[in-house]
Amino acid sequence: MWQGVIPAVTTKFNQDDTLDFKEMERCFRYLMDAGCDGLIACGSLGEGPLLSHAERIDVLKLTKEVTGNKPAILTVAEAATRDACALAEKAAKAGADGLMVVPSTIYHTNHRETVATLRSIAAAGDLPVMIYSNRLAYRVDVTTDMLEELADDARFVAVKESSDDIRRTTEIINRLGSRYDLFTGVDNLAFEALTAGATGWVAGLVVAFPHETVAIYRLIKAGRYNEALDIYRWFRPLLDLDVSTYLVQNIKLVEALAIDSNDRVRAPRLPLEGALRTRVEQVVSTSLANRPVLPAFN
């Protein structure tokens, strides 16, 4: 159902901390014009947990305006299942094409609770669902056993696999075949996951470098692995910025430097300063100075 490069977009703010819809539209259109296959709003990178439900729905509506006939997916990541279900219902009414669902964010659910939570949210929204499995960030591992248990509900269509264990990609395919659209969610494991059989990439650094991200994906799918690997090796220092406590600040600073956006974040986050900022600036500067010429691809 879903495949390709689907960016997890950043949420843009004005200086007074209100939503900057004009800048979001500019950035979102840049991604779609570069060949991305949909957008995911209000995830971890999109600072979703720091937005009200009303703000998230407003971002979703803009996202859908930009994606047109491609999927606009809203992230659901709530502490309480009832709040997650309420947001899922609002997303469906607002025209979302699907949901990306995090099982829990505060209480770390066990196997039975994780499955029950995911089923409840899927039923509330009655939309296609991408299950977000990220045991490092959220301390809840949606295991292959859980995916097999959930496979009886057709609303679960995809998995964003972010366990940081590349073996999991093969385990899911060996157990469940093509039952789920399998996305890699770790930027600096993307080449490895895509060549192991993942069908898509929920990407982060794509927001500043969409042409390179799309090129890697399409070249791999065309079997042009060496050309994709050359770009990926150039990209790796940037992709590493996604795997960090400061991923939001990192990537927003990259956007500011690479596409003339800004690095405003919502408190308690603050923009990077000192050595952290200097490091990102150096990575971006070096990468831009050595930016590869992309080969032609379809």
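Quick note on my numbering: the sequence shown kicks off at 521 and runs consecutively. The C-beta atom is built at its ideal place from N, Cα and C for all residues, glycine as well.
Q: For Ala674, count neighbouring Cβ atoms within 10 angstroms of its own Cβ and tell me buried if that reaches 16, exposed if not.
A: Only exposed fits Ala674, as fewer than 16 other CB atoms lie within 10 angstroms of its CB.
(Q) Between Met666, Tyr652 and Arg695, which has its C-alpha nearest Phe703's C-alpha? (A) Tyr652
Q: Excluding the 5 residues preceding and the 5 following Leu777 in the sequence, name in chain order all residues of the same chain whose CB lies nearer than 6 Å to its CB.
A: For Leu777, the CB contacts under 6 Å within the same chain, skipping 5 residues up- and downstream, are Val804 in chain order.
Q.
Please report the distance separating the alpha-carbon of Leu580 from that of Pro812.
A. 33 Å
(Q) If contacts are defined as beta-carbon pairs under 8 Å, then Asp701 and Met521 qualify, I think. What distance do you get, rounded to the angstrom? (A) 6 Å
Q: Return the residue from the list Ala600, Leu582 and Thr531 that minimises the CA-CA distance to Leu492.
A: Nothing in the structure corresponds to residue 492, since the chain is present only between 521 and 818.
Q: Throw me the rounded Cβ distance for the His573 and Leu607 pair, which I believe falls under 8 Å.
A: 5 Å
Q: Work out the CA separation of Leu565 and Tyr550 for me, nearest whole Å.
A: Going from the Cα of Tyr550 to the Cα of Leu565 covers about 17 Å.
Q | Residue environment, Gly724, which counts as buried when at least 16 other CB atoms sit within 10 Å | A | buried
Q: Would you identify the three-state DSSP class for Asp783, choosing helix, strand or coil?
A: coil
Q: Going by CA-CA distance only, name the one from Ile692, Ala728 and Gly563 that's closest to Val621.
A: Closest option to Val621, judged by alpha-carbon separation, among Ile692, Ala728 and Gly563: Gly563.
Q. Which of helix, strand or coil does DSSP assign to Met552?
A. helix
Q: Return the CA-CA distance between Ala728 and Ile779, expressed in angstroms with no decimal places.
A: 6 Å
Q: Quick one: grab the DSSP three-state call for Glu619.
A: Reading off the sequence shown, one finds Leu at residue 619, where the question assumed Glu. Of the three classes helix, strand and coil, the one that applies to Leu619 here is strand, per DSSP.
Q. Where does Met521 fall in DSSP's three states?
A. coil
Q: Round the Cβ separation of Tyr745 and Thr715 to the nearest angstrom and send it over; I've been treating them as touching at under 8 Å.
A: 7 Å
Q. What number of angstroms, rounded off, separates the C-alpha of Val525 from the C-alpha of Pro591?
A. 11 Å
(Q) Quick check: the Cα distance between Arg695 and Thr634, rounded to an integer number of angstroms? (A) 20 Å
Q: For the beta strand (DSSP E) containing Thr704, list its first residue and its last residue.
A: Asp701 to Thr704 is the span of the beta strand (DSSP E), which, as asked, contains Thr704.
**Q.** Cβ separation of Phe676 and Ala742, assumed to be a contact under 8 Å, to the nearest whole Å
**A.** Actually they do not touch by this definition, with Cβ atoms about 29 Å apart.
Q | Spatial distance of Val682 from Leu559 (CA atoms) | A | Position check: residue 682 holds Ser in this sequence, whereas Val was assumed. Their backbone Cα atoms lie some 18 Å apart in a straight line.
(Q) To the nearest angstrom, how far is the alpha carbon of Asn589 from that of Ala795? (A) 43 Å
Q.
On the DSSP bridge list, what partners appear for Met666?
A. When DSSP reads this structure, Met666 sits in no beta bridge, so it has no partner.
Q | Ile736 burial status per 10 Å Cβ neighbour count (16 or more: buried) | A | buried
Q | Residues near Glu609 by beta carbon distance below 8 Å, same chain, minus five either side | A | Ala644 and Gly645, listed in sequence order.
Q | Cα-Cα separation, Ala612 to Val679 | A | 19 Å
Q: For the alpha helix (DSSP H) containing Leu696, list its first residue and its last residue.
A: Arg687 to Leu696
Q) Between Asp636 and Trp754, what straight-line distance do the alpha-carbon atoms span, to the nearest angstrom? A) The sequence shown places Ala at residue 636, not Asp. The alpha-carbon atoms of Ala636 and Trp754 are separated by roughly 42 Å.
Q | Residue of Val726, Asp665 and Glu775 minimising C-alpha distance to Met552 | A | Val726
Q: Give the secondary structure of Pro591 by DSSP, where H, G and I count as helix, E and B as strand, and everything else as coil.
A: coil
(Q) Give the list of continuous alpha helix (DSSP H) stretches no shorter than 4 residues that lie fully inside the stretch 709-741. (A) With a minimum length of 4 residues, the continuous alpha helix (DSSP H) runs that stay inside the stretch 709-741 are 710-715 and 730-741.
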